[in-house]
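Enquirer: In full-length UniProt numbering, the protein residues as written are 1 to 311. Have a look at the structure that comes next, please.
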Amino acid sequence: MSNLKLFAIQNDQAVELHGEPVQLEKDLQACVERNMETLLGVRFLASEYVTSKNHSGRIDSLGLDENHFPVIVEYKRNKNHNVINQGLYYLDWLVDHQAEFQLIVADKIGEEAARKVDWTGVRLILIAENFTKFDRYAVNQIDRTVDLFQYSYHRAEGLGGPFLLLDLISSQSGAVPKSDTTAPRKETTTTVRDDTHQYRLSKASPELKALFDAVCEFAGSLGDVQMKELKHNVAFKNIKNFVSVLVYPTQDPMVRLYVKLSPTEFELENGFTEDVTGKGHWGTGDLAVFIRNWSDLEKAKPLIEQSYREN
């Protein structure tokens with residue numbers, strides 16, 4: 001089990017919520033699949049997905065994360081199950097069957113989401129009651145993107161529940177997998193170069209680059225934060241993204257943020273914040289924040305911090 005302990009505070013007294021095992025692996029899987037976007041930031045696609053006849057596998061859960069990366073989720077209650085090797089076996093199958101996955105996305109979410117699928121960051125999420133030190137070591141040697149989550153269920157008399165605790169104990173970023181030549185060519189693969197983050201950053205002035213660096217430094221300082229450089233932006237996340245950062249170097253130079261906060265909870269300021277709910281953009285979050293100078297950055301910091309706490 002994780003070393004984390006969970007307490008409820010009642011009348012200024014701490015009451016420990018003791019962990020208890022899930023009776024069936026399927027119970028955990030059903031819970032996560034029903035709440036996958038809330039728990040993991042992943043849109044649920046399919047359960048118990050049967051792979052090809054020659055492969056003879058059954059993937060626990062398939063999903064698509066908020067950065068458009070394909071995700072496999074595997075669950076194991078018993079630490080003796082070799083969930084890492086099994087997950088990697090399925091991951092290789094997925095990379096070799098990109099067209100099949102994109103058809104699932106098109107059917108479950110829509111054609112636009114299918115066109116945006118990004119195969120440069122295929123992910124494997126493993127959820128277990130416990131991982132050994134050997135498991136953690138093995139994941140660090142694997143050149144794939146793998147997240148290890150330990151879980152525990154907790155109850156306390158009079159508090160209801162059960163309460164589910166998910167602890168991200170290891171997050172490993174890997175190399176870009178080889179493309180499947182049978183996958184359909186999407187419009188997004190031919191995006192013009194000035195739509196990419198690296199190209200826009202290369203055209204930014206020294207002052208704008210300094211603002212961008214300051215935003216990234218602040219977001220990364222908030223805690224156990226992961227920074228992920230994507231094709232069109234830089235995303236900061238705990239388990240889920242809490243801010244996406246983009247640079248716009250021409251016309252109206254700025255650092256643009258998308259934070260995962262409800263725009264209706266704020267008094268929007270013309271030229272500084274905007275409700276982008278339902279509008280297409282290369283980021284995650286419905287509140288856009290525009291940073292043109294150091295004063296804007298100071299005003300943006302509380303919004304970034306609030307999004308970090310809430311996500």
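The beta carbon of each residue, even a glycine, is placed where N, CA and C say it ideally should be.
1. On a Cα-Cα basis, can you pick out the residue from T51, V139, L168 and S152 that is closest to L40?
2. For V29, count neighbouring Cβ atoms within 10 angstroms of its own Cβ and tell me buried if that reaches 16, exposed if not.
3. Residues in the same chain with beta-carbon distance under 6 Å from T273, minus the five sequence neighbours each way, listed in chain order, please.
4. Counting only the same chain and skipping the five closest in sequence on each side, list residues whose C-beta sits under 7 Å from that of T182.
5. Tell me where the beta strand (DSSP E) around V243 begins and ends.
6. Answer yes if the segment 240 to 259 comes into contact with the segment 203 to 217, meaning at least three C-beta pairs across the two stretches below 8 Å, and no otherwise.
7. With H281 and K231 assumed to form a contact (beta carbons below 8 Å), what rounded beta-carbon distance in angstroms separates them?
8. Once the 5 residues before and after Y308 are set aside, which same chain residues still bring their CB inside 6 Å of it?
9. Looking only at its own chain, which residues have a Cβ that is under 7 Å from the Cβ of R185, when we skip the five neighbours before and after it?
10. Closer than 8 Å is the cut-off here; do at least three beta carbon pairs connect the segment 132 to 140 with the segment 107 to 117?
11. Given this structure, state the Cα-to-Cα distance separating R34 from R58, to the nearest angstrom.
12. Quick check on DSSP: helix, strand or coil for H154?
13. Span of the beta strand (DSSP E) holding Q172?
14. List the residues that DSSP assigns as beta-bridge partners of R58.
15. Look up R185 in the DSSP assignment and say whether it is helix, strand or coil.
16. From this set, D252, S47, R144 and N238, which residue's C-alpha is nearest N311's C-alpha?
17. Less than 9 Å between the beta carbons of L62 and V71, yes or no?
18. How would you call T284, buried or exposed, if buried means at least 16 neighbouring beta carbons within 10 angstroms?
19. Cα-Cα, which of V42, D92, Y199 and F218 is closest to D143?
20. Here's the rule I'm using: 16 or more other beta-carbon atoms within 10 Å means buried, otherwise exposed. How should Y199 be labelled?
Expert: With the given structure in hand:
1. L168
2. A small fix is needed here, since residue 29 is Gln in this sequence, not Val. It counts as buried.
3. V289
4. Summary for T182: the model assigns pLDDT 46, below 50, so the residue's position carries little reliability, and this model does not support an answer.
5. N241 to Y248
6. yes
7. Their Cβ separation, rounded to whole angstroms, is 14 Å, which puts H281 and K231 out of contact at 8 Å.
8. L222 and F242
9. Since pLDDT at R185 reaches only 45, below the 50 mark, its modelled position is unreliable, and the value read off the structure follows with that caveat. So no residue of the chain qualifies.
10. no
11. 19 Å
12. strand
13. F163 to Q172
14. V50
15. For R185, the predicted model reports a pLDDT of 45, less than 50, meaning its position is unreliable; a value from the coordinates is still stated below. Correct three-state label for R185: coil.
16. N238
17. yes
18. buried
19. D92
20. exposed
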